[in-house]
């Protein structure tokens, strides 16, 4: 296994609806390759799918809304060790999706995508945050708090911001915010999107990025290279003919002449090292070379829109806002035709002989989802291992009860 280390890059973004922005999201992920992407206001319903290649998606939809407002989600790379954590049922005014990262030789670290609607009658912020921070010792909770304070770059402070500042001060919690605003209105700019962390000693760099099509900028939280996470072992492409030739070289092999247990162990160790070295010499890392999801004129338009968005956020000039709106509307029309064409191209390649037609039909009929946490007599099972053990225990108890009933 490689001893290389990597630093995490986490994005948080209030999307104001993901279904209409899926093409932009795919392009953004191709460009930035985030380890995790925390999304708020997904506006998803349970019957809507939301899948990104090479990522797992965990989501909590607001099912009590007719239009499907609100909602949170987390996209996490499949290669990152983690497990899903159920949202505490006692949250009263907070929407959140949770996962736990599992670094080697360390306790789990909670990562949460949080959205707090701008409800002026909401009074349980402290209790809801307590419920999240007590799940694990270490936590990273990022999202749209809808709380303003001059301490994190807002022009003014509101009551929720004043309360949040007192809460983090009294509970030894750190607030990480970018140096520039995260939400831009017609005549306002505020920092509403940031992260609260507890018992995390990692340095973190946060910045607000003028991209994507919401009124909120995505916020990037970058944790520099650290030993808390090990790089997953790379996929290797081995040329077995080279491997064979290396081992077949007489200079690399000597007839064993061991006369004692110690000499046998030593020669076995040497032979093992020679085999491993031959494999390393004959192997190269295998890199996926997938084409970007968005290409051509649409990609150029998105780049032009991002540039116009940044220009308007800096100047706040109505003419720059008009140009941004023009490009955004043009992108919407292009995306509609782009998705239609992509779907038609996909349909034209389906064939009953190679089972591709039946495969897509099966995908439409079946919607897979991660297994939620299980509640049993020994507590709540969060990891896959604990879920398996609890299922086996339940099966054994069921068989025993059935046997007693029969006898």
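Numbering (the numbering used here), first residue to last: 12 to 418. No residue lacks a Cβ here, since even glycine has one placed at the ideal position from N, Cα and C.
Just checking my contact of residue 128 with residue 157 at CB under 8 Å: how many whole Å lie between their CB atoms?
7 Å
Start and end residues, alpha helix (DSSP H) containing residue 180:
170–181
Quick one: give me the first and last residue of the alpha helix (DSSP H) that residue 308 is part of.
307–326
Taking only the alpha-carbon atoms, compute the straight-line gap between residue 367 and residue 361 and give it to the nearest angstrom.
5 Å
To the nearest angstrom, how far is the alpha carbon of residue 139 from that of residue 93?
23 Å
In whole angstroms, what is the alpha-carbon distance linking residue 200 and residue 321?
One alpha carbon belongs to residue 200, the other to residue 321, and they sit about 13 Å apart.
Across which residues does DSSP place residue 23 in a beta bridge pair?
49 and 230
Rounded Cβ spacing between residue 141 and residue 106 (contact assumed at less than 8 Å):
Actually they do not touch by this definition, with Cβ atoms about 17 Å apart.
Pick helix, strand or coil for residue 147, following the three-state DSSP scheme.
Here residue 147 sits in coil by DSSP.
Can you give the Cα-Cα distance for residue 33 and residue 276, rounded to whole angstroms?
58 Å
Which listed residue (175, 161 and 111) has its alpha carbon closest to that of residue 2:
The requested residue 2 does not occur in the structure, where the chain is confined to residues 12 to 418.
Look at the alpha carbon of residue 427 and the alpha carbon of residue 121, and state the distance between them as a whole number of angstroms.
Outside the displayed span of the chain (12 to 418) sits residue 427, for which this structure offers no information.
Output the boundary residues of the alpha helix (DSSP H) element that contains residue 272.
272–292
Put residue 94 into one of helix, strand or coil per three-state DSSP.
If DSSP states are grouped into helix, strand and coil, residue 94 belongs with the strands.
For residue 399, which of helix, strand or coil comes out of DSSP?
In the three-state DSSP reduction, residue 399 falls in the helix class (H, G or I).
Taking the alpha carbon of residue 181 as the point to measure from, which residue in 215, 161, 349 and 137 has its own alpha carbon closest?
137
Any chance the region 318–336 sits against the region 213–232, with 3 or more Cβ pairs inside 8 Å?
yes
Under 8 Å by Cβ, that's how I've got residue 83 and residue 126 pegged, so tell me the actual separation to the nearest angstrom.
5 Å
Close beta carbons around residue 335, own chain, < 6 Å, minus the five adjacent residues each side
319, 320 and 323
If you drop the 5 nearest sequence neighbours on each side, which residues of the same chain put their C-beta closer than 8 Å to that of residue 63?
36, 37, 40 and 86
Hey, would you say residue 420 sits closer than 7 Å to residue 187, going by beta carbons?
There is simply no residue 420 to check, as the chain begins at 12 and stops at 418 in what is shown.
Beta-carbon separation of residue 189 and residue 153 under 7 Å?
no
What first and last residue would you give for the alpha helix (DSSP H) that runs through residue 33?
33–43
My understanding is that residue 215 touches residue 233, with C-beta atoms under 8 Å, so please give their C-beta distance in whole angstroms.
Yes, they are in contact, since the Cβ atoms of residue 215 and residue 233 sit about 7 Å apart, within 8 Å.
Residue ranges of each alpha helix (DSSP H) within the region 113–161, 4 or longer:
136–144
Given this structure, state the Cα-to-Cα distance separating residue 213 from residue 118, to the nearest angstrom.
15 Å
According to DSSP, simplified to helix, strand and coil, what is residue 60?
coil
Tell me, to the nearest whole angstrom, how far the beta carbon of residue 150 is from that of residue 208; I am working on the premise that it is less than 8 Å.
7 Å
Looking only at C-alpha atoms, which of 302, 342 and 282 sits nearest to residue 456?
The question about residue 456 has no answer, for the chain in this structure spans 12 to 418.
Mapping DSSP to helix, strand and coil, what is residue 357?
helix
Residues bridged to residue 187 by DSSP?
206
So, at 6 Å on beta carbons, what are the nonlocal neighbours of residue 104 in its own chain, with the 5 sequence-adjacent residues on each side left out?
133 and 135
Tell me which same chain residues have a C-beta within less than 7 Å of the C-beta of residue 88, skipping the five on either side of it?
46, 65 and 66
DSSP beta-bridge partners of residue 99
Residue 99 pairs with nothing; no bridge assigned.
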